[in-house]
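Notes to accompany the following structure.
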Amino acid sequence: MKKLNYCLFILFGLLFTLNTNAQNRNTVHFGLGTEYRVEPIGLDALTLESDQSTIFFDATDQLSGAALNYFFTLYLKEANMEIGFSQSLRYDHKYFKTDSFNLGTSNIYPSVNGVISDYHLFVQKNFDLRKGMYWNIFAGYSLMNRGSKYIYTETYIRNPLPFPLPFPLPGVNVAVTEVKEGNFNMDAINFGVGIGANKVSFDLGVYYSMNHSYDQDGDIIIPRAKLSYRIFELTQ
Numbered sequence: 313m314k315k316l317n318y319c320l321f322i323l324f325g326l327l328f329t330l331n332t333n334a335q336n337r338n339t340v341h342f343g344l345g346t347e348y349r350v351e352p353i354g355l356d357a358l359t360l361e362s363d364q365s366t367i368f369f370d371a372t373d374q375l376s377g378a379a380l381n382y383f384f385t386l387y388l389k390e391a392n393m394e395i396g397f398s399q400s401l402r403y404d405h406k407y408f409k410t411d412s413f414n415l416g417t418s419n420i421y422p423s424v425n426g427v428i429s430d431y432h433l434f435v436q437k438n439f440d441l442r443k444g445m446y447w448n449i450f451a452g453y454s455l456m457n458r459g460s461k462y463i464y465t466e467t468y469i470r471n472p473l474p475f476p477l478p479f480p481l482p483g484v485n486v487a488v489t490e491v492k493e494g495n496f497n498m499d500a501i502n503f504g505v506g507i508g509a510n511k512v513s514f515d516l517g518v519y520y521s522m523n524h525s526y527d528q529d530g531d532i533i534i535p536r537a538k539l540s541y542r543i544f545e546l547t548q
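My numbering puts the first residue of the sequence shown at 313, with every later residue one more than the last.
See the structure below:
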């Protein structure tokens with residue numbers, strides 16, 4: 313949440329500065345869209361990834377699929393570029409219900425689903441093709457999988473005596489169980505290209521994550537396609 317607050321603070325500060333220095337030239341857009349994420353590159357499609365011994369989930373299922381989003385952009389007429397913020401929402405898989413003594417495959421246990429959010433900041437440069445049409449390139453930063461929190465238990469043996477024991481003694485060492493929280497948060501760079509005509513735009517891009525909560529080495533790449541529609545605009 314702190315990262316999101318910092319990003320929004322920087323974005324709105326930049327928007328305010330640009331708006332102050334370029335009156336009567338800029339347009340604020342608001343719109344809705346939908347995107348589809350294909351199977352991530354860097355994950356095994358049929359393998360359950362485990363973050364803790366009591367939590368099992370399918371990372372491929374969790375990171376792919378459809379999402380709805382809304383967006384705000386500030387269009388800078390003189391530079392023919394946009395600076396924007398968007399939030400994606402999806403009702404998606406989080407993890408599987410399992411028990412600690414009978415672990416099975418993903419089709420045996422029901423999936424625990426919930427609303428997962430992604431927050432995106434981006435800069436987009438437009439290139440005019442003809443009247444009402446353009447193509448663009450964009451790049452930005454994404455805070456993904458927010459709302460993916462889960463709760464798990466962790467059990468360990470603790471010595472209640474004030475001095476260490478060289479080896480476990482029956483009846484002395486006790487098992488302690490703690491309830492902890494985890495999540496599947498990930499940060500990513502987003503970039504791609506698109507084409508637009510009037511209020512409709514379509515783009516192809518990727519999320520490239522080097523900072524994620526999955527129990528594996530390596531980066532994760534998520535290709536996606538997005539269709540957007542601008543509902544209204546305010547020209548200053």
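Glycine is no exception: its CB is placed at the ideal position from the N, C-alpha and C atoms.
Distance CB(Glu493)-CB(Ile463) smaller than 7 Å: Glu493 is a Cβ neighbour of Ile463, given a cutoff of 7 Å.
Proximity winner among His524, Phe514, Gly377 and Asp404, relative to Leu455 (alpha-carbon distances): His524 is the residue among His524, Phe514, Gly377 and Asp404 whose C-alpha sits nearest the C-alpha of Leu455.
Segment limits, beta strand (DSSP E) that includes Ala500: Per DSSP, the continuous beta strand (DSSP E) segment holding Ala500 begins and ends at Met498 to Ala509.
C-beta atoms of Ser376 and Arg349 nearer than 7 Å: Result yes, Cβ atoms of Ser376 and Arg349 sit closer than 7 Å.
Touch test, the stretch 539-547 against the stretch 508-520, Cβ-Cβ under 8 Å, three pairs minimum: They touch, by the three-pair rule.
Cβ-based neighbour list, Ala334, same chain, cut-off 7 Å, excluding 5 preceding and 5 following: With a pLDDT of 46 at Ala334, under the threshold of 50, the modelled position of this residue cannot be trusted, and the question is left open.
When Gly426, Tyr526, Met445 and Ala500 are compared against Asn392, the one with the closest alpha-carbon: Nearest option by C-alpha distance: Met445.
Rounded straight-line distance, which links the Cα of Ser423 to that of Thr372: About 13 Å.
Supposed contact pair Leu380 and Thr346 - C-beta distance, whole angstroms, cut 8 Å: Right, their Cβ atoms sit about 6 Å apart.
Cα-Cα separation, Val505 to Asn457: Val505 and Asn457 have their C-alpha atoms spaced approximately 23 Å apart.
Through-space distance from Gln399 to Ser430, alpha-carbon basis: Looking at the sequence provided, one finds Asp at residue 430 rather than Ser. Approximately 6 Å between the Cα atoms of the pair.
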